[in-house]
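*Asks:* My questions will all concern the structure given below.
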Amino acid sequence: IKKTFEKYNHLDKVLPAMGYGEKQTRELAATINKIDCDLVISATPIDLNRVIKVNKPMLRVRYELEEIGQPNIKSVLKEF
Numbered sequence: 015i016k017k018t019f020e021k022y023n024h025l026d027k028v029l030p031a032m033g034y035g036e037k038q039t040r041e042l043a044a045t046i047n048k049i050d051c052d053l054v055i056s057a058t059p060i061d062l063n064r065v066i067k068v069n070k071p072m073l074r075v076r077y078e079l080e081e082i083g084q085p086n087i088k089s090v091l092k093e094f
């Protein structure tokens with residue numbers, strides 16, 4: 015997680031889940047457990063409640079993306 019914040023230093027007030035392997039989920043759970051907050055909002059593609067145990071409530075939210083112009087995702091990903 016530390017390396018992720020170093021790489022993406024613009025992140026603020028969010029905790030990215032950058033992988034779901036044993037080490038990543040262990041670090042994610044430990045970090046969440048240390049954070050002073052009332053609620054964790056999880057917008058990850060997987061249900062984090064199934065892979066980690068934390069000491070505070072975690073609410074899973076979903077989202078959808080509607081492309082409304084250019085560039086669209088397809089054109090951006092083509093560059094990679």
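In case it helps, my numbering puts the sequence shown at residues 15 to 94. Where is the CB? At the ideal position from N, CA and C, for every residue including glycine. Fair warning: this is a prediction, and the values are worked out from it, not measured in the lab.
1. How big is the Cα-Cα spacing for G83 and L91?
2. What's the gap between the Cα of P30 and the Cα of N69?
3. Are there 16 or more other CB atoms within 10 angstroms of the CB of L25, so buried, or fewer, so exposed?
4. Given this structure, state the Cα-to-Cα distance separating E78 from K48, to the nearest angstrom.
5. With respect to the alpha helix (DSSP H) encompassing I46, which residues constitute its N-terminal and C-terminal limits?
*Replies:* Here's the rundown:
1. 15 angstroms
2. 18 angstroms
3. exposed
4. 30 angstroms
5. 36-48
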